[in-house]
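Numbering (our numbering), first residue to last: 74 to 525.
Built from N, CA and C at the ideal position, the CB exists for glycine as well.
Computed from a predicted structure; not experimentally measured.
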């Protein structure tokens with residue numbers, strides 16, 4: 074029997090739901106409104122009542138309304154077909170949504186993130202019998218990359234390969250392998266797998282220290298304030314100082330295999346500009362469209378506030394997935410301040426004790442946990458992958474002493490502070506050389522950097 078609850082209070086996008094059967098933290102539920110099912114996430118459990126944040130407009134929801142619990146955590150779909158896509162914060166493909174409903178998206182409409190009908194050329198490569206989560210079963214060509222089809226990341230312990238599909242074309246939902254775990258249970262494996270966005274992917278051998286510089290082709294950054302491959306950095310600056318433009322330049326020219334842009338709470342005009350420019354730009358490394366190695370996750374300031382947090386975690390989970398293939402991924406979050414503002418709004422509705430400037434008291438730990446998901450890892454097959462995370466911060470009035478900037482500075486390895494005076498003087502990128510710093514090694518000799 075399905076696990077259901079009933080609404081006992083509605084406050085903005087926050088629902089208080091009474092339930093009888095067990096529920097999980099971060100479980101997905103659906104608030105039923107006529108034929109609509111509005112997606113929500115359970116964020117707090119107290120006795121027989123739970124608080125849920127709804128990812129849609131809650132107009133029309135009423136006390137006594139039904140909520141269906143899914144018994145699943147908020148998760149993303151991982152598999153071939155992610156590259157070049159444009160998603161919203163819940164991994165709905167926006168081009169397909171536009172085809173289905175027009176320019177104005179209705180509530181309660183959710184589509185499959187990956188095309189269930191497209192066929193992919195699967196080439197089995199696994200010959201050994203004993204496997205672990207993250208080991209390669211086969212490969213699929215995807216654009217300029219070879220996409221590794223892996224043992225599902227959620228399967229624990231050693232697994233025995235009982236059957237592997239022959240070379241051929243398969244959809245992401247078709248079974249391509251059968252595995253048996255240590256308890257004798259059989260698992261059917263397809264190219265598609267799901268992973269909870271709040272849980273880091275740790276199916277690697279060891280975590281390495283970032284040491285190799287990430288070449289961004291921006292001389293000021295590469296020489297004076299370098300970023301390491303697998304490192305973290307932030308770009309705080311006032312409105313109009315060039316944060317988004319600097320991120321776009323980095324995404325175009327950085328020497329990485331893949332770029333993921335998470336526009337969480339940024340203005341819609343800047344996101345539209347990115348969507349228009351990137352398909353027309355050419356990747357200097359491959360000569361093909363820049364979108365061939367790019368994924369954009371749009372969650373503009375006009376979209377529901379609760380989905381901003383989901384968009385950040387969706388982006389970093391997909392980045393970790395491609396890191397498991399031995400690729401170097403650059404994740405650009407624009408802007409983490411809007412995400413923090415969403416946390417503040419939800420915290421206020423939960424009536425939690427506020428911290429500085431009404432941000433939640435746990436702001437620092439949440440930001441630190443996000444940046445810690447970057448890094449360099451050594452995989453079981455000997456290859457090395459990395460996720461480099463760069464986040465912009467939009468402090469009010471350019472004040473770097475505000476809580477979001479200070480919480481970010483404690484965990485990142487490089488700080489590229491933008492200056493209003495330099496941007497007004499048309500000196501781009503407007504990185505202030507006296508305010509900025511980096512803990513990473515530069516491509517230039519250390520004595521020359523000190524001289525400069």
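*Specify, as a first and last residue, the run of the beta strand (DSSP E) that residue 147 falls within.*
Premise fails: residue 147 is in no beta strand (DSSP E) and is neither H nor E.
*Using a threshold of 8 Å, state whether the C-beta atoms of residue 161 and residue 392 are closer than that.*
Between residue 161 and residue 392, the C-beta gap is not smaller than 8 Å, which leaves the two residues out of contact.
*For residue 368, which three-state DSSP category applies?*
Residue 368: strand per DSSP, three-state reduction.
*Using a Cβ-Cβ cut-off of 6 Å (strictly less than) and excluding sequence neighbours within five positions of residue 98, which residues of its own chain qualify?*
Answer for residue 98: no residue qualifies.
_the ligand NAD and residue 331: does the residue's C-beta get closer than 7 Å to at least one heavy atom of that ligand?_
Judged by which ligands are present, the structure shown has none, so any question about the ligand NAD falls away.
_Runs of alpha helix (DSSP H) lying entirely within the stretch 165-204, each at least 4 residues, in chain order_ = The qualifying runs are 167-174.
*Taking the C-alpha atoms as reference points, what is the distance between residue 229 and residue 206?*
Each residue's alpha carbon lies about 7 Å from the other.
*Report, in whole angstroms, the separation of the C-beta atoms of residue 332 and residue 367, which I expect to be a contact under 8 Å.*
Confirmed, Cβ separation roughly 5 Å.
*asked:* In whole angstroms, give me the CA-to-CA distance for residue 171 and residue 158.
replied: Distance from the CA of residue 171 to the CA of residue 158, rounded to the nearest whole angstrom, comes to 14 Å.
*asked:* For residue 346 and residue 238, I'd like the C-alpha separation in whole angstroms.
replied: Each residue's alpha carbon lies about 43 Å from the other.
*Just to confirm, are residue 69 and residue 329 a CB contact at a threshold of 8 Å?*
Only positions 74 to 525 of the chain appear in this structure, which leaves residue 69 out of reach.
*asked:* At the level of alpha carbons, what is the spacing between residue 512 and residue 484?
replied: Computed Cα separation, rounded: 11 Å.
*So, are the CB atoms of residue 217 and residue 487 less than 8 Å apart?*
Not in contact: residue 217 and residue 487 (Cβ atoms no closer than 8 Å).
*Have a look at the DSSP bridge pairing and note the partners of residue 331.*
By DSSP's assignment, residue 331 forms a beta bridge with 402.
*Count the other C-beta atoms from every protein chain shown that fall within 10 angstroms of the C-beta of residue 358, then say buried if there are 16 or more, exposed otherwise.*
Burial call: exposed.
*When the distance is taken between beta carbons, is residue 363 closer than 8 Å to residue 355?*
Yes.
*Which residue's Cα is closest to the Cα of residue 404: 225, 336 and 191?*
The candidate whose alpha carbon is nearest that of residue 404 is 336.
*Which term fits residue 394, buried or exposed, when burial requires 16 or more other beta carbons within 10 angstroms of its beta carbon?*
By the 16-neighbour rule on beta-carbons within 10 angstroms, residue 394 is buried.
*Three-state secondary structure assigned by DSSP to residue 374*: In the displayed model, residue 374 falls within coil according to three-state DSSP, outside both helix and strand.
*Between the Cα of residue 440 and those of 462, 449 and 458, spot the shortest distance and give me the residue it belongs to.*
Nearest of 462, 449 and 458 to residue 440, Cα basis: 462.
_Can you check which of these residues, 144, 247 and 280, is closest to residue 264 by C-alpha distance?_
The option with the nearest alpha carbon to residue 264 is 247.
_Residue range of the unbroken beta strand (DSSP E) whose run includes residue 272_ = Counting along the chain, residue 272 falls outside any beta strand (DSSP E), and DSSP gives it neither H nor E.
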